[in-house]
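**Student:** Quick one: the structure is below, and I'll ask about it shortly.
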Amino acid sequence: MNDELRDLYQSVILDHSRKPRNFGELHGDGCVHVHGDNPSCGDEIDVYLKLNAGKIEDIKFNGQGCAISQASASMMTQKIKGKAREEATKMATVFRGIVTGKDRQLAEEEELGELILLEGVQHFPQRVKCAMLSWRALEQALNEKAGTVSTEELGD
Amino acid sequence: MPDWTAIRHDFPILNQEVQGHPLIYFDNAATSQKPRQVIDALVHYYEHDNANVHRGLHELSNRATDAYEESRRKVARFLNATEEEMIFTRGATEGINLVAQSWGRANLKPGDVILLTEMEHHSNLVPWQLVAAQTGAELKHVPVTDEGILDLDAFNSLLTEQVKLFAFVHVSNSLGTINPAQQLIAQAHAVGAKVLLDGAQSAGHMPVDVKDLDCDFYVLSGHKMCAPTGIGALYVRGSVLADMPPWQGGGEMIVRVQFSSSTFKEGPARFEAGTPDISGAIVLGTAIDYLESIGREAIAAHDADLAQHALARMSEIEGIRIFGPKTERGALVAFALEGAHPHDLTTFANTQGLALRGGHHCTQPLMRKFKVPSTSRASFYFYNTKDEIDRMIDILQDARKFFAP
């Protein structure tokens, strides 16, 4: 087995993809729903965010996708639940650095915990969109703009 | 019977390792590899004959023009058309756009129906969406059954006198289905419709005779049949071509240009504005010579043999869902493996030297119909072997163990 492949699909990642955490939907007052679309592969993810006084009170996601997009979404929801909006926005930027291998902010990466395991994605450039799909939806949800985002629209 | 081993050696690219494993190239429905004969012809052209066509009065221009027009005759013979009916294009997509924008805009009006099918590639959907918006014509689609074939009862009821154009794929790139083209074309003609046949996956894989099929338009892409990318051809029945206005303006396609108006050439030249892909067109002729030296009947038989072997071996894999017809099919198998998303599977396969395609194959509406975001696809050509398919089976088994819970 190829080392980069083992690195990409570490057991924690496969575990999250098989048993995604915070899988589901949120509806009602204060909930924002953003649909994330990766037209290059057809994967779709829905992110549901409940903000309360500038904090993420709850977050869920559902949809189908590859192991990378599912694990990334699952770990993301665990990490940002309870965080302030600004912290979550910052985490999305730091995470982008981890999976693209560009503009890395090593000092801040510790905050992201096991999400650092997705570092292997940078060796598979065509998979960056998979890792970023839920985060792109999160970024839009944090701006309280319901709707659809596509990985084709910005430079991920 | 052709010597398939010797033929495989004509393809230098196949003799390499990828990620430490011998390359298994199973993405032929996306693009085929090129034999040395085609590569050599391309180099020869640029080392000896390169010049612009149709306008020079010097030796090189004459050679380039002769070779370009000779290639047009070869493509025409390959399809049993005449050279006056063959237009060079960038590929099948451009051919369809040309028909939509030239014939379609001139002939379609509100109340008319453009009939397509649910198994069309985006290239045979989007150009018609554009021309429908421009002309007010309506789009309808022949449904696909769960087995992956066209619903012929539904086709019969959709065929009304309002149908002015029926455009459909000869061999489906995402299901492998070989459509009964001759029968469908005859039925569409019976209600007065013109018919476009998308030959992207058929031209290099089986004998194609446009007179026998009786289609009005046929498009092909050179790069899927051993020629370079950027060249293709469009056949238009002569009597239809006469009524088609230009779609792109520029040099080469004009008779006389004034500041405010121009007159246009007849025949294929009318649709070849600007300097064409001269080298591409010439070596498309070389690719055709190469395919004909093997024989398209032999290629089709070999395709069928590989497809049946793949189907039989893949059916052994637990948790696999295979799309498309089980019997006669083109040289490809699309599938979904339980627990292994196509993207993950493609990444896994790549690390073993196996080039698969994972995605929607430019047939998003069809994927939605089958309720999958994407599939994996192994597509073969005559240089592939059963041994490669057997190695793919081992890789798929390993992937299943790796990803399945």
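Chains as they are written, first to last, in this note's numbering: chain A, 1 to 156; chain B, 1001 to 1405.
In this text, a Cβ means the ideal position worked out from N, Cα and C, and glycines have one as well.
Remember, predicted model here, so these are calculated numbers, not experimental data.
What number of angstroms, rounded off, separates the C-alpha of Q1129 (chain B) from the C-alpha of D1003 (chain B)?
**Tutor:** Taking the straight line joining both Cα atoms gives about 45 angstroms.
**Student:** Is any beta-carbon of chain A found at less than 9 angstroms from that of G1324 (chain B)?
**Tutor:** Chain A, which has no Cβ nearer than 9 angstroms to the Cβ of G1324 (chain B), makes this no.
**Student:** Which residue from B:L1023, B:E1017, B:Q1019 puts its Cα closest to that of T1385 (chain B)?
**Tutor:** When only C-alpha atoms are compared, the closest one is B:L1023.
**Student:** Along the stretch 115-129 of chain A, what residues have a CB closer than 9 angstroms to any CB found in chain B?
**Tutor:** Flagged, chain order: F124, Q126, R127.
**Student:** For the beta strand (DSSP E) containing C31 (chain A), list its first residue and its last residue.
**Tutor:** 31-38 is the span of the beta strand (DSSP E), which, as asked, contains C31 (chain A).
**Student:** Do you know offhand how far H1343 (chain B)'s Cα is from F1335 (chain B)'s?
**Tutor:** Cα-Cα distance, rounded: 12 angstroms.
**Student:** Between B:M1392, B:S1221, B:C1362, B:C1215, which has its C-alpha nearest S1032 (chain B)'s C-alpha?
**Tutor:** Considering only alpha carbons, the answer is B:S1221.
**Student:** Please list, in chain order, the chain A residues whose beta carbon lies closer than 8 angstroms to that of P1373 (chain B).
**Tutor:** C41, G42, D43, E44, Q64, G65, listed in chain order.
**Student:** Can you tell me whether DSSP reads F1271 (chain B) as helix, strand or coil?
**Tutor:** Here F1271 (chain B) sits in helix by DSSP.
**Student:** At a CB-CB cut-off below 8 angstroms, which residues of chain B make contact with L5 (chain A)?
**Tutor:** Neighbours of L5 (chain A) on chain B, chain order: T1347, F1348, T1351.
**Student:** Hey, could you find the ends of the alpha helix (DSSP H) S74 (chain A) is sitting in?
**Tutor:** From DSSP, the alpha helix (DSSP H) with S74 (chain A) extends over 67-80.
**Student:** To which residues does DSSP link Y1218 (chain B) through a beta bridge?
**Tutor:** Beta-bridge pairing links Y1218 (chain B) to B:L1197, B:Y1235.
**Student:** Find the residues of chain B that neighbour N2 (chain A), judging by a C-beta separation of less than 7 angstroms, and give them in chain order.
**Tutor:** The contacting residues are Q1019, T1351.
**Student:** Taking buried to mean at least 16 other C-beta atoms within 10 Å of its own C-beta, is H1009 (chain B) buried or exposed?
**Tutor:** So H1009 (chain B) counts as exposed.
**Student:** How would you write the range of the beta strand (DSSP E) that R1377 (chain B) sits in, first residue to last?
**Tutor:** Here the beta strand (DSSP E) through R1377 (chain B) covers 1375-1379.
**Student:** L1108 (chain B) to I1294 (chain B), Cα distance in whole Å?
**Tutor:** Roughly 42 angstroms separates the two Cα atoms.
**Student:** Please classify Y9 (chain A): is it buried, with 16 or more other beta-carbons within 10 angstroms of its beta-carbon, or exposed?
**Tutor:** Per the 10 Å Cβ criterion, buried.
**Student:** State the Cα-Cα distance for the pair Q1407 (chain B) and A1331 (chain B), rounded to the nearest angstrom.
**Tutor:** Here chain B covers residues 1001 to 1405 and nothing more, so residue 1407 (chain B) does not appear.
**Student:** Would you mind giving the Cβ-Cβ distance between N38 (chain A) and L133 (chain A), rounded to the nearest angstrom? I have them listed as a contact below 8 angstroms.
**Tutor:** That pair is a contact at about 5 angstroms.
**Student:** Does the stretch 1120-1140 of chain B come into contact with the stretch 1368-1384 of chain B, if we say contact requires no fewer than three beta-carbon pairs (one atom in each stretch) closer than 8 angstroms?
**Tutor:** Too few Cβ pairs lie closer than 8 angstroms, so no.
**Student:** What residue range does the beta strand (DSSP E) around H1141 (chain B) cover?
**Tutor:** 1138-1142 is the span of the beta strand (DSSP E), which, as asked, contains H1141 (chain B).
**Student:** To test your reading of the DSSP string, which unbroken alpha helix (DSSP H) runs of 4 or more residues are found completely within the stretch 103-155 of chain A?
**Tutor:** Counting whole runs of 4 or more residues, the stretch 103-155 of chain A contains the alpha helix (DSSP H) stretches 106-109, 128-142.
**Student:** Apart from the five residues on each side of it in sequence, which residues of its chain come closer than 6 angstroms, Cβ to Cβ, to A1399 (chain B)?
**Tutor:** A1340, L1345, F1348.
**Student:** What is the DSSP secondary structure of A1399 (chain B), reduced to helix, strand or coil?
**Tutor:** Three-state DSSP puts A1399 (chain B) in a helix.
**Student:** May I ask you to verify whether the stretch 109-120 of chain A touches the stretch 76-96 of chain A, counting CB pairs closer than 8 angstroms and requiring at least 3?
**Tutor:** Yes, the stretch 109-120 of chain A touches the stretch 76-96 of chain A.
**Student:** Answer yes or no: do V34 (chain A) and A141 (chain A) have a C-beta to C-beta separation smaller than 9 angstroms?
**Tutor:** In this structure, A141 (chain A) lies closer than 9 angstroms to V34 (chain A) by Cβ.
**Student:** What does the alpha-carbon distance come out to for the pair P1365 (chain B) and E1118 (chain B)?
**Tutor:** Using only the alpha carbons, I get a separation of about 7 angstroms.
**Student:** Please classify S1172 (chain B): does DSSP put it in a helix, a strand, or coil?
**Tutor:** Note: S1172 (chain B) maps to coil in three-state DSSP.
**Student:** Looking only at its chain, what residues have a beta carbon closer than 8 angstroms to the beta carbon of D1216 (chain B), apart from the 5 residues adjacent to it on each side?
**Tutor:** The residues are K1194, V1195, L1196, V1236, R1237, V1240.
**Student:** Is it right to say R1256 (chain B) is buried, meaning 16 or more other beta carbons lie within 10 angstroms of its own, or is it exposed?
**Tutor:** Per the 10 Å Cβ criterion, exposed.
**Student:** Counting only beta-carbon separations shorter than 9 angstroms, does G1359 (chain B) have a partner in chain A?
**Tutor:** Judged by the 9 angstroms Cβ criterion, G1359 (chain B) is in contact with chain A.
**Student:** Just the chain A side, please: which residues come within less than 9 angstroms of Q1033 (chain B) by C-beta, in chain order?
**Tutor:** In chain order: nothing, as chain A lies at least about 21 angstroms away.
**Student:** Quick check on Q1352 (chain B): does DSSP put it in helix, strand or coil?
**Tutor:** It is coil, neither helix nor strand.
**Student:** When we look at the beta-carbon of A1312 (chain B) and count the other beta-carbons within 10 Å, is it buried (16 or more) or exposed?
**Tutor:** Exposed, since its Cβ has fewer than 16 Cβ neighbours within 10 Å.
**Student:** Any idea which residues DSSP pairs D46 (chain A) with across the strands?
**Tutor:** Beta-bridge pairing links D46 (chain A) to A:H35, A:N62.
**Student:** Tell me which residues share the same chain as G155 (chain A) and place their Cβ nearer than 7 angstroms to its Cβ, disregarding the 5 neighbours each side in the sequence.
**Tutor:** Only weak support exists for where G155 (chain A) lies, its pLDDT of 48 falling under 50; the coordinates are left without a value.
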